[in-house]
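Read the structure below first, then the notes.
There are 2 protein chains.
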Amino acid sequence: MNVLLCGDFDAAERARWQQALAAALPEARWLDEAAAQARPELAQAAVVANPPPGSLQGLPRLRLIQSLWAGVDRLLADPTLPAGVPVARMVDPAMNAAMAETALWAVLSLHRGFFEYARRQRAGRWQVHAQRRADEVNVLVLGQGEMGRHAAARLAQQGYAVHGWRRDGTPLAPLLAQAQIVVNLLPLTPETRGLLDAAFYAALPPQASLVNLARGAHVVDADLLAALDRGRLRHAVLDVFNTEPLPPSHPYWQHPRVTLLPHAAALTDPRSAAVVAAANLRAALAGAPVAHRVDRERGY
Amino acid sequence: MNVLLCGDFDAAERARWQQALAAALPEARWLDEAAAQARPELAQAAVVANPPPGSLQGLPRLRLIQSLWAGVDRLLADPTLPAGVPVARMVDPAMNAAMAETALWAVLSLHRGFFEYARRQRAGRWQVHAQRRADEVNVLVLGQGEMGRHAAARLAQQGYAVHGWRRDGTPLAPLLAQAQIVVNLLPLTPETRGLLDAAFYAALPPQASLVNLARGAHVVDADLLAALDRGRLRHAVLDVFNTEPLPPSHPYWQHPRVTLLPHAAALTDPRSAAVVAAANLRAALAGAPVAHRVDRERGY
Chain A
30 MNVLLCGDFD
40 AAERARWQQA
50 LAAALPEARW
60 LDEAAAQARP
70 ELAQAAVVAN
80 PPPGSLQGLP
90 RLRLIQSLWA
100 GVDRLLADPT
110 LPAGVPVARM
120 VDPAMNAAMA
130 ETALWAVLSL
140 HRGFFEYARR
150 QRAGRWQVHA
160 QRRADEVNVL
170 VLGQGEMGRH
180 AAARLAQQGY
190 AVHGWRRDGT
200 PLAPLLAQAQ
210 IVVNLLPLTP
220 ETRGLLDAAF
230 YAALPPQASL
240 VNLARGAHVV
250 DADLLAALDR
260 GRLRHAVLDV
270 FNTEPLPPSH
280 PYWQHPRVTL
290 LPHAAALTDP
300 RSAAVVAAAN
310 LRAALAGAPV
320 AHRVDRERGY
Chain B
30 MNVLLCGDFD
40 AAERARWQQA
50 LAAALPEARW
60 LDEAAAQARP
70 ELAQAAVVAN
80 PPPGSLQGLP
90 RLRLIQSLWA
100 GVDRLLADPT
110 LPAGVPVARM
120 VDPAMNAAMA
130 ETALWAVLSL
140 HRGFFEYARR
150 QRAGRWQVHA
160 QRRADEVNVL
170 VLGQGEMGRH
180 AAARLAQQGY
190 AVHGWRRDGT
200 PLAPLLAQAQ
210 IVVNLLPLTP
220 ETRGLLDAAF
230 YAALPPQASL
240 VNLARGAHVV
250 DADLLAALDR
260 GRLRHAVLDV
270 FNTEPLPPSH
280 PYWQHPRVTL
290 LPHAAALTDP
300 RSAAVVAAAN
310 LRAALAGAPV
320 AHRVDRERGY
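In the order they appear, the protein sequences are chains A and B. So for the first sequence, our numbering puts the first residue at 30; every next one is plus one. So for the second sequence, our numbering puts the first residue at 30; every next one is plus one.
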């Protein structure tokens, strides 16, 4: 089996992936972009991580494009992506667990006021605030895919009053009106781009908080900053941004009501993801159905 | 039923407790310290929250001293505490849950490096660090009482490799040698006072972290600061201190490897704790055994 491996990783990352993939799929021969361009008839499948646009065209024997990342919005935006080849998202159990951990940490921090205590520590202020029970906190999880369902289950296990929403026609406004904490785990599609705008924040009760672990383009930054600055929103935990890395001058960096992570809420774990990728590559080359195949119309 | 209510709460706190206790035990008449001193033969039970030393002596009909707090070390340190009267600790389900939440938040923060990301945000630095799975993190919970067991169960539910220790002769050193995160939930007794000293930190592997949610006097502060400053310990999350409130000049406040809370890891919830206290008061006055009775020899 000849497999093209290409993506935007650095040398150390690429070495980690090479090692994990070689262990999970010892029968494969791995091609880099130069090798695939030199002999395009060789590549039977591609394992990709945000590959440079154009790198997957002109490969006549390609049977599967397996993404190493869960989000495929950048991959699908490449107009040269070969139309007839199935694309699969990565569903990595270690990544699902990591995402649920980050969601739980953010919700615990907001519920119990730990970000506020961190500010008080820096100010040298000893002051206790009131404490609510978890079942008194309404958490709304946007997105009910692999990651949304995992995160919602972990939050419910901790006693939170968890509600879920997906884009299936369920009205969003009544759920927003009850939500004290919103956790966004939606896929980025033309329908969800910019969903977290002024109207969205206005539909929340005063002093609600936002946790965005999905994509930066879900958020209209100016509207979020306005909602925070007017005191309408209490706090935002942001892992993803419209421009990444977040530019040094961006107001999020030093905003007292923003906690930010450098797109680190959940990293794909090469050890488990390579096993998932290997199973899918074997299935594709045997003519069997592949798991987590992307619906290009829906966009995820 | 005539019940003395006394403690070190402020007016608002006292009013919250009065309201909750009156709802849970409508048959009781509540005495304050002055009323009990004026007619000492009235008080049949006492509900206390770190009462001033001496306030429980000379009450001939006292059948139960019910603490509203889980920790009774300050109460038992009063030499005038009447010897023949049972003392009960508070075991409040809402407090157990809150303590487990704080333990989970601290462990998630340490495991996933969220304190480090907060420092990077303040420094304007976009940099991802490596991610381990929860089952690769050894967490040692000291104390296997109500709170220790609750916290350990929640941590295990999240996938951590959890070990427990109690002072029953089990050697501590082999467990410390394997621990990446230690969560202290021991009772404060003469045997556990100062347990977290230089020898304790030296027994941990390099770059382990400490979460102290029990009592400040478990920690030898100079030894903890030395272990942090020498880079032996990675981080400490401290909720309790040898002197509270923590004095403004204390090095913990601004230490980059210390996250501190103002003794807020778990507040007793008057709504549920009053129900627990009411059941115990009724039992005591009916001559039935009381729950969570303190063994004065053991000290908890």
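Beta carbons: idealized from backbone N, C-alpha and C, even for Gly.
query = For B/His140, which three-state DSSP category applies?
reply = In the structure shown, B/His140 sits in a helix (DSSP, three-state: H, G or I).
query = To which residues of the same chain is B/Arg141 closer than 8 Å at the C-beta, ignoring the five residues directly before and after it?
reply = Gln160
query = For a contact meaning CB atoms closer than 8 Å, what does B/Val157 contact in chain A?
reply = Pro291, His292, Ala293, Leu296
key: Contacts of A/Pro274 in chain B (Cβ-Cβ under 8 Å)   = Trp155
ask   = Taking all protein chains shown into account, do 16 or more other C-beta atoms lie within 10 angstroms of the C-beta of B/Leu44, making it buried, or fewer, making it exposed?
value = For the record, residue 44 of chain B in the displayed sequence is Ala; it is not Leu. The residue is exposed, with fewer than 16 neighbouring Cβ atoms inside 10 Å.
ask   = Pairing CB atoms from the region 47–57 of chain B with CB atoms from the region 83–94 of chain B, are three or more of them under 8 Å?
value = no
request  = Report buried or exposed for A/His247, applying the criterion of at least 16 other Cβ atoms within 10 angstroms of its Cβ.
outcome  = buried
task = Determine the DSSP secondary structure at A/Gln86, reduced to helix, strand or coil.
result = coil
inquiry  = Please state the DSSP three-state secondary structure of B/Leu242.
reply    = Reduced to three states, the DSSP call for B/Leu242 is coil.
request  = Answer yes or no: the CB of B/His247 versus the heavy atoms of the ligand PLP, is any distance below 8 Å?
outcome  = Looking at this structure, you won't find the ligand PLP or any other ligand, since it has none at all.
ask   = Starting from A/Gln186 and walking both ways along the alpha helix (DSSP H), at which residues does that stretch end?
value = 175–186
Test: A/Gln150 CB closer than 9 Å to a CB of chain B = yes
task = At 8 Å on the CB atoms, spell out the chain A contacts of B/Ser238, in chain order.
result = Within 8 Å Cβ-Cβ: nothing; B/Ser238 doesn't reach chain A, min ~15 Å.
Contact set for A/Ala232: own chain, Cβ-Cβ below 7 Å, skip 5 residues either direction = Ala202, Leu205, Ala206
message = Judging by CA-CA distance, which residue of A/Phe38, A/Pro55, A/Asp39 is the nearest neighbour of A/Ala308?
response = A/Pro55
ask   = Where does the unbroken alpha helix (DSSP H) through A/Ala44 begin, and where does it stop?
value = 40–53
inquiry  = Against B/Tyr189, what residues of chain A qualify as contacts under a CB-to-CB distance less than 8 Å, listed in chain order?
reply    = Per Cβ cutoff of 8 Å: no residues; B/Tyr189 is ~10 Å from chain A at best.
request  = Give the range of the beta strand (DSSP E) segment to which B/Arg263 is assigned.
outcome  = Judged by DSSP secondary structure, B/Arg263 falls within the beta strand (DSSP E) whose first and last residues are 262–267.
query = What are the uninterrupted segments assigned as beta strand (DSSP E) that are 3 or more residues long and contained completely in the region 251–318 of chain B, given in chain order?
reply = Listed in chain order, the beta strand (DSSP E) elements of length 3 or more contained wholly in the region 251–318 of chain B are 262–267, 287–289.
query = For B/Pro216, does the count of other Cβ atoms within 10 angstroms reach 16, so buried, or fall short, so exposed?
reply = buried
query = Would the region 219–228 of chain B and the region 239–256 of chain B be scored as touching if the rule is three or more Cβ pairs under 8 Å?
reply = yes
task = Identify each residue in the region 113–135 of chain B for which the Cβ-Cβ distance to at least one residue of chain A is less than 8 Å, and report them in chain order.
result = Ala123, Ala126, Ala127, Glu130, Thr131, Leu133, Trp134
request  = Give every residue of the same chain whose Cβ lies closer than 6 Å to the Cβ of B/Ala57, excluding the five residues on either side of it in the sequence, and list them in chain order.
outcome  = Met30, Val32
ask   = Taking DSSP as the reference, what is the three-state secondary structure of B/Gln73?
value = coil
request  = Mind the definition here: the region 169–176 of chain A touches the region 120–138 of chain A only if three or more C-beta pairs lie below 8 Å; say whether that holds.
outcome  = yes
task = Answer yes or no: does any C-beta atom of chain A fall closer than 9 Å to that of B/Phe143?
result = yes
Neighbour flag for A/Leu262 against chain B, beta carbons, 9 Å = no
inquiry  = Using 8 Å for Cβ pairs, my map puts A/Leu254 next to A/Val212. What's the rounded Cβ distance?
reply    = Going by Cβ atoms, the distance from A/Leu254 to A/Val212 rounds to 20 Å, so no, they are not a contact pair.
request  = Tell me, please, whether the CB atom of A/Pro55 is closer than 9 Å to any CB atom in chain D?
outcome  = No chain D is present in this structure, whose protein chains are A and B.
message = Contact defined as beta carbons within less than 8 Å: I believe A/Ala147 pairs with A/Leu242. What is the distance between those atoms, to the nearest angstrom?
response = With a Cβ gap of about 20 Å, A/Ala147 and A/Leu242 do not count as contacting.
query = Which residue's Cα is closest to the Cα of A/Ser301: A/Gly100, A/Val120, A/Val114, A/Cys35?
reply = The residue from A/Gly100, A/Val120, A/Val114, A/Cys35 with its alpha-carbon nearest to that of A/Ser301 is A/Val120.
key: Nearest candidate by alpha-carbon position, reference B/Asn167, set B/Asp107, B/Leu139, B/Pro280   = B/Leu139
query = Is the region 257–272 of chain A touching the region 280–292 of chain A in the sense that three or more CB pairs, one from each, lie closer than 8 Å?
reply = yes
query = Where A/Gln209 and A/Leu169 are concerned, what is the direct C-alpha to C-alpha distance, given to the nearest angstrom?
reply = Rounded to the nearest whole angstrom, the C-alpha separation of A/Gln209 and A/Leu169 is 8 Å.
ask   = With 16 other CB atoms within 10 Å as the buried threshold, where does A/Ala135 fall?
value = buried
Sequence-distant residues of the same chain with beta carbon closer than 6 Å to A/Pro80, five excluded per side = Cys35, Gly36
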